[in-house]
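Q: Residue numbers (the numbering used here), protein chains in the order written: chain L, 1 to 142; chain V, 1001 to 1142.
Protein chains: 2
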Amino acid sequence: MVVKNVIAVKNTSSWLNKVHWNEHGLVPVIVQQAETKDVLMFAWMNRDALEKTVEIGEAVFWSRSRKKLWHKGEQSGHIQKVLDIRLDCDSDVILLNVKQVDNIACHTGRHSCFFQQLVVTESGARAEWQIVEPVLTDLEED
Amino acid sequence: MVVKNVIAVKNTSSWLNKVHWNEHGLVPVIVQQAETKDVLMFAWMNRDALEKTVEIGEAVFWSRSRKKLWHKGEQSGHIQKVLDIRLDCDSDVILLNVKQVDNIACHTGRHSCFFQQLVVTESGARAEWQIVEPVLTDLEED
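(1) Indicate the three-state DSSP secondary structure (helix, strand or coil) for asparagine 1017 of chain V in the structure shown.
(2) Can you name the residues of chain L whose CB is closer than 8 Å to the CB of proline 1028 of chain V?
(3) Could you tell me which chain L residues have their CB closer than 7 Å to the CB of tryptophan 1021 of chain V, listed as they occur along the chain?
(4) Note the first and the last residue of the continuous beta strand (DSSP E) segment covering alanine 1144 of chain V.
(5) Following the continuous beta strand (DSSP E) through aspartate 1084 of chain V, name the residue where it begins and the one where it ends.
(6) With a Cβ-Cβ cutoff of 8 Å, do valine 93 of chain L and phenylalanine 1115 of chain V count as a contact?
(7) Here's a check: name, in chain order, each residue in its chain whose Cβ is nearer than 7 Å to the Cβ of isoleucine 1079 of chain V, leaving out the five neighbours to either side.
(8) Just checking: is the beta-carbon of lysine 72 of chain L within a distance shorter than 8 Å of some beta-carbon in chain V?
(9) Among all the DSSP beta bridges, which residues are the ones paired with proline 28 of chain L?
(10) Could you name the residues of the stretch 65-91 of chain L whose beta carbon sits closer than 8 Å to any beta carbon of chain V, in the order they occur along the chain?
(11) Going by Cα to Cα distance, which pick from L/Val119, L/Val135 and L/Asp38 is closest to glutamate 128 of chain L?
(12) Determine the DSSP secondary structure at lysine 1052 of chain V, reduced to helix, strand or coil.
(13) Using the Cα positions of valine 19 of chain L and leucine 1026 of chain V, report the straight-line distance between them to the nearest angstrom.
(14) Establish whether the CB of lysine 1099 of chain V and some CB of chain L are separated by less than 8 Å.
(15) May I ask you to report which of helix, strand or coil DSSP gives asparagine 1103 of chain V?
(16) Are the C-beta of glutamine 1130 of chain V and some C-beta of chain L separated by less than 8 Å?
(17) Residue range of the beta strand (DSSP E) that leucine 1136 of chain V falls in?
(18) If we call anything under 8 Å between Cβ atoms a contact, is cysteine 1113 of chain V one with aspartate 88 of chain L?
(19) If the criterion is Cβ atoms closer than 8 Å, does the pair glutamine 1117 of chain V and aspartate 84 of chain L meet it?
(20) At 9 Å on the CB atoms, spell out the chain V contacts of lysine 37 of chain L, in chain order.
(21) Restricting to Cα atoms, I'd like to know which of V/Asn1046, V/Leu1016 and V/Lys1081 is closest to serine 1069 of chain V.
(22) Would lysine 18 of chain L pass as an interface residue toward chain V - the criterion being a Cβ-Cβ separation below 8 Å?
(23) Which chain L residues are close to phenylalanine 1115 of chain V, counting only those with a beta carbon under 9 Å from its beta carbon?
(24) I believe tryptophan 1015 of chain V touches valine 1029 of chain V by the beta-carbon criterion, under 8 Å. Please report the beta-carbon distance rounded to the nearest angstrom.
(25) Distance, Cα to Cα, lysine 1004 of chain V vs glutamine 1033 of chain V?
(26) Output yes if chain L places a C-beta closer than 8 Å to the C-beta of isoleucine 1049 of chain V; else output no.
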């Protein structure tokens, strides 16, 4: 990959080694909107994705379905400008704080991917997932 | 498990079937503090953990290391009262909104588990993880 030829990236390998990548070479990533602190989405990164994210300052994930790097918003325009990157206590989960272009993060055209809310009856006898966020724009690709 | 004998839980199985459990029967869970909207931690749930969480209204996870249900805070007292449960667009990630007892979620005694911040030099030539949150209390078990 091109990113591997960037001297800056070679020099930052120690911080990449600090991350505990799972058995598939991936780390879970939580994306939070900086202004609202809304949790927008959840995705995965491999080493190249995290390197690329830091290099360009925009969220780049590893698409497990397409098995390739996924520059979030490259097709929809809903880029995520990365303002802050955190690593958790076990060094195996990443939290991105981002500026979400167009305020839409979900491939369904919603603000956040977490639009299904569990509603439980008072008796606790029944529960169901209800959609509680509107579609703001129609999207097919993200 | 006892939880399987609760009629209420039997009746809620359809909403549990809506969740796309991974190949290990688990789903990733993001825990967010209701008042501050801080992302506190990340963990995993299996079907029994999610059932139990809804049943008691407190976060119960699946400990992959101990291979058993983990009632968060049962030893430290740092219980998480669950106010809202969301499921993402692919139905394979859960977001919990909680009231965090004592405002401490991390087993290191910190408010949040995401206390390591990536600091990159302006040139981008070097980067390192820096601890940016204080330890509020000494904990050994959580």
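Where is the CB? At the ideal position from N, CA and C, for every residue including glycine.
A: Checking against the coordinates, here is how it stands:
(1) Position 17 of the second sequence, counted from the start, is the residue given in the question as residue 1017 of chain V. Assigned with DSSP and collapsed to three states, asparagine 1017 of chain V falls in helix.
(2) As a position in the second sequence, residue 1028 of chain V is number 28, starting the count at 1. The contacting residues are Pro28 and Phe42.
(3) Residue mapping note: residue 1021 of chain V aligns to position 21 of the second sequence, counting from 1. Taking a Cβ-Cβ cut-off of 7 Å, tryptophan 1021 of chain V has no neighbours in chain L, whose nearest Cβ is about 15 Å from it.
(4) There is simply no residue 1144 of chain V to check, as chain V begins at 1001 and stops at 1142 in what is shown.
(5) Taking the first residue of the second sequence as 1, we reach residue 1084 of chain V at position 84. Unbroken beta strand (DSSP E) run through aspartate 1084 of chain V: 1080-1087.
(6) The sequence position of residue 93 of chain L within the first sequence is 93, counting from 1. The sequence position of residue 1115 of chain V within the second sequence is 115, counting from 1. No, these two residues do not count as a Cβ contact at 8 Å.
(7) The residue given as residue 1079 of chain V occupies position 79 in the second sequence. Closer than 7 Å at Cβ, skipping near neighbours: Glu1058, Lys1072, Gly1073 and Val1101.
(8) Locating residue 72 of chain L in the first sequence gives position 72, where the first residue counts as 1. Residue contact with chain V for lysine 72 of chain L: absent (no Cβ-Cβ distance below 8 Å to any residue of chain V).
(9) As a working note, residue 28 of chain L is residue 28 in the first sequence. Answer is L/Trp44.
(10) Going along the stretch 65-91 of chain L in chain order, one finds Asp84, Ile85, Arg86, Leu87, Asp88, Cys89, Asp90 and Ser91 with a Cβ nearer than 8 Å to chain V.
(11) As a working note, residue 128 of chain L is residue 128 in the first sequence. For the residues L/Val119, L/Val135 and L/Asp38, the minimum Cα distance to glutamate 128 of chain L belongs to L/Val119.
(12) One-based indexing of the second sequence puts residue 1052 of chain V at position 52. In the structure shown, lysine 1052 of chain V falls within a helical segment according to DSSP collapsed to helix, strand and coil.
(13) Taking the first sequence and counting its residues from 1, the one referred to as residue 19 of chain L is at position 19. Taking the second sequence and counting its residues from 1, the one referred to as residue 1026 of chain V is at position 26. A direct Cα-Cα distance of roughly 22 Å separates valine 19 of chain L from leucine 1026 of chain V.
(14) Working through the second sequence from its first residue, we reach residue 1099 of chain V at position 99. By this cut-off, lysine 1099 of chain V is not an interface position.
(15) The sequence position of residue 1103 of chain V within the second sequence is 103, counting from 1. Residue state, collapsed to three classes: helix.
(16) Along the second sequence, one-based indexing puts residue 1130 of chain V at 130. No, because no Cβ of chain L sits closer than 8 Å to the Cβ of glutamine 1130 of chain V.
(17) Counting from one through the second sequence, the residue named residue 1136 of chain V turns up at place 136. Annotation: leucine 1136 of chain V is outside any beta strand (DSSP E) and is labelled neither H nor E by DSSP.
(18) Here residue 1113 of chain V refers to the residue found at position 113 when the second sequence is read from its first residue. Here residue 88 of chain L refers to the residue found at position 88 when the first sequence is read from its first residue. Taking 8 Å as the Cβ cut-off, cysteine 1113 of chain V and aspartate 88 of chain L qualify as a contacting pair.
(19) Position 117 of the second sequence holds residue 1117 of chain V. Position 84 of the first sequence holds residue 84 of chain L. It is a contact, given that the beta carbons lie within the stated cut-off.
(20) Position 37 of the first sequence, counted from the start, is the residue given in the question as residue 37 of chain L. Near lysine 37 of chain L (Cβ distances below 9 Å), the residues of chain V are Gln1032, Thr1036, Lys1037, Asp1038 and Val1039.
(21) Sequence index remark: in the second sequence, residue 1069 of chain V carries index 69 (1-based). Note that residue 1069 of chain V is leucine in the sequence shown, not serine. Of the candidates V/Asn1046, V/Leu1016 and V/Lys1081, the one whose C-alpha sits nearest the C-alpha of leucine 1069 of chain V is V/Asn1046.
(22) Along the first sequence, read from residue 1 onward, the residue named residue 18 of chain L stands at position 18. Closer than 8 Å to some Cβ of chain V, the Cβ of lysine 18 of chain L qualifies, so yes.
(23) Here the question's residue 1115 of chain V lines up with position 115 in the second sequence. When 9 Å is used as the limit between beta carbons, phenylalanine 1115 of chain V is near these residues of chain L: Arg86, Leu87, Asp88 and Cys89, in chain order.
(24) Counting from one through the second sequence, the residue named residue 1015 of chain V turns up at place 15. Counting from one through the second sequence, the residue named residue 1029 of chain V turns up at place 29. The beta-carbon separation of tryptophan 1015 of chain V and valine 1029 of chain V, rounded to 16 Å, does not stay under the 8 Å limit for a contact.
(25) Here residue 1004 of chain V corresponds to residue number 4 of the second sequence, with the count starting at 1. Here residue 1033 of chain V corresponds to residue number 33 of the second sequence, with the count starting at 1. Any reading at lysine 1004 of chain V must be qualified, since the residue scores a pLDDT of 40, below 50, and its modelled position is unreliable; the value itself is stated next. For the pair lysine 1004 of chain V and glutamine 1033 of chain V, the Cα-to-Cα distance works out to about 29 Å.
(26) Residue mapping note: residue 1049 of chain V aligns to position 49 of the second sequence, counting from 1. Checking the displayed sequence, the identity of residue 1049 of chain V turns out to be alanine instead of isoleucine. Residue contact with chain L for alanine 1049 of chain V: absent (no Cβ-Cβ distance below 8 Å to any residue of chain L).
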